[in-house]
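There are 2 protein chains.
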Amino acid sequence: MDAPTGVREHCTIAATLDLVGSRSSLLLLREAALGTRRFAEFAVRTGLSEPMTARRLAELVDAGLLERADYREPGRRVRQEYRLTPAGLDFLPVITALRQWGDAHAGVPGGPPIAVAHAGCGGEVVAQVRCTHGHPVPPSEAVVTRLR
Amino acid sequence: MDAPTGVREHCTIAATLDLVGSRSSLLLLREAALGTRRFAEFAVRTGLSEPMTARRLAELVDAGLLERADYREPGRRVRQEYRLTPAGLDFLPVITALRQWGDAHAGVPGGPPIAVAHAGCGGEVVAQVRCTHGHPVPPSEAVVTRLR
DNA sequence: CGGTATCCTATAAGATACTG
DNA sequence: CAGTATCTTATAGGATACCG
Chain A
6 MDAPTGVREH
16 CTIAATLDLV
26 GSRSSLLLLR
36 EAALGTRRFA
46 EFAVRTGLSE
56 PMTARRLAEL
66 VDAGLLERAD
76 YREPGRRVRQ
86 EYRLTPAGLD
96 FLPVITALRQ
106 WGDAHAGVPG
116 GPPIAVAHAG
126 CGGEVVAQVR
136 CTHGHPVPPS
146 EAVVTRLR
Chain B
6 MDAPTGVREH
16 CTIAATLDLV
26 GSRSSLLLLR
36 EAALGTRRFA
46 EFAVRTGLSE
56 PMTARRLAEL
66 VDAGLLERAD
76 YREPGRRVRQ
86 EYRLTPAGLD
96 FLPVITALRQ
106 WGDAHAGVPG
116 GPPIAVAHAG
126 CGGEVVAQVR
136 CTHGHPVPPS
146 EAVVTRLR
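Sequences listed follow chains A and B, in order. The first sequence: position 131 = 136 (the working numbering), numbered continuously. The second sequence: position 71 = 76 (the working numbering), numbered continuously.
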């Protein structure tokens, strides 16, 4: 009678939030975007407890944003690592946009703790609202159509 | 002894999530971005209960993303409306990026319920990761520096 | 090191009823 | 229409202890 798996949301933003919208998931995705790979690093850098780190990392793997892989440094035993999948890489605009808003409006003492620059050019990396033709789209030029 | 107001996070993303990171806040900001102005519309369109709608709208006003304003249609009594402030408009890249990821990876039956187009040009509106010089920045070209 | 099991608290969120 | 008051449930998340 009820849906066996997943969520039946009518809005894709709501569906996204149901999937990865918790604070802990977003912090873990932030860390993955910054290059973190190992379980203990995720827990320390996000400040999340280990049980929560484990549960959310497993959810993100299930949701297809992260993948586990074996990882062997020469002469050491096999370890695990978590890496962004293509769907996880597609999430980078969200992380970038959150960081950008936070840097501008939720200033923390001492300033932002990380900086992201474009390799070579050195420009600051930001998320921009544009159309698929590459034009910047200010809010006044965005036309919203409700399809249903 | 403790901080009287606000949150002292070390990361601007975490600070942002503490401020407006709940599912209900993000759904309300989505609606504000789509042009919703009135209390009852916010509640119906997000599917949130009225108490939650009231509490979160007040939080968003306190946080400076929305502002209340009197609003009078000719011949009718004064009503209230909620509008995005400049800080709220700055949040549009986050909403756009969430919608974009959801449209691509969290498909809902019947397809996305809204479409956003660039006025005139007609191109689909998306969030793109770029540098401040305007170059598109693929994940491999983003250089992360931890400042502390 | 990379987790799991168990238990606990805080808060997100809904239901219902009511008010100016 | 635009909320508020009160109550309840579900879940996010932490603390602690333990395991292969």
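We put the CB at the ideal spot given by N, CA and C, even for glycine.
Which class does residue i belong to by DSSP, given the choice of helix, strand or coil?
i	result
Leu65(B)	helix
Pro114(A)	coil
Thr137(A)	coil
Leu99(A)	Going by the sequence as given, residue 99(A) is Val instead of Leu. Residue state, collapsed to three classes: helix.
Arg104(A)	helix
Met6(B)	The predicted position of Met6(B) is uncertain, since its pLDDT is 33 and thus under 50; no value can be drawn from it.
Ala124(A)	coil
Hey, would you say residue i sits closer than 9 Å to residue j, going by beta carbons?
i	j	result
Ala20(B)	Ala111(A)	yes
Gln105(B)	Pro98(A)	yes
Thr101(A)	Ala120(A)	no
Ala92(A)	Ala109(B)	yes
Arg153(A)	Tyr87(A)	no
Leu103(A)	Leu94(B)	no
Ala147(B)	Val134(B)	yes
Cys136(B)	Leu32(A)	no
Arg28(B)	Gly26(A)	yes
Pro144(B)	Leu71(A)	no
Ser30(A)	Arg61(A)	yes
At the 9 Å Cβ level, is residue i part of the contact set with chain A, yes or no?
i	result
Gln85(B)	no
Ser145(B)	yes
Thr21(B)	yes
Glu78(B)	no
Arg60(B)	no
Leu94(B)	yes
Asp67(B)	no
Pro56(B)	no
Arg153(B)	yes
Asp75(B)	no
Thr33(B)	Looking at the sequence shown, residue 33(B) is not Thr but Leu. With 9 Å as the cut-off, Leu33(B) does not count as an interface residue toward chain A.
Ala45(B)	no
Arg88(B)	no
Arg104(B)	yes
Glu129(B)	yes
Ala63(B)	no
Val149(B)	yes
Compare the C-beta of residue i against all C-beta atoms of chain B and say whether one is closer than 9 Å.
i	result
Val134(A)	yes
Glu14(A)	yes
Leu71(A)	no
Arg28(A)	yes
Val49(A)	no
Could you tell me which uninterrupted alpha helix (DSSP H) segments, each at least 4 residues in length, are contained entirely in the stretch 10–97 of chain B, listed from first to last along the chain? 17–25, 28–38, 44–51, 55–67 and 91–94
Any 3 or more C-beta pairs closer than 8 Å across the stretch 62–77 of chain A and the stretch 116–130 of chain A: With the rule of 3 Cβ pairs closer than 8 Å, the stretch 62–77 of chain A does not count as touching the stretch 116–130 of chain A.
Validate contact between the stretch 45–52 of chain A and the stretch 72–83 of chain A using beta carbons, cut 8 Å, 3 pairs: no
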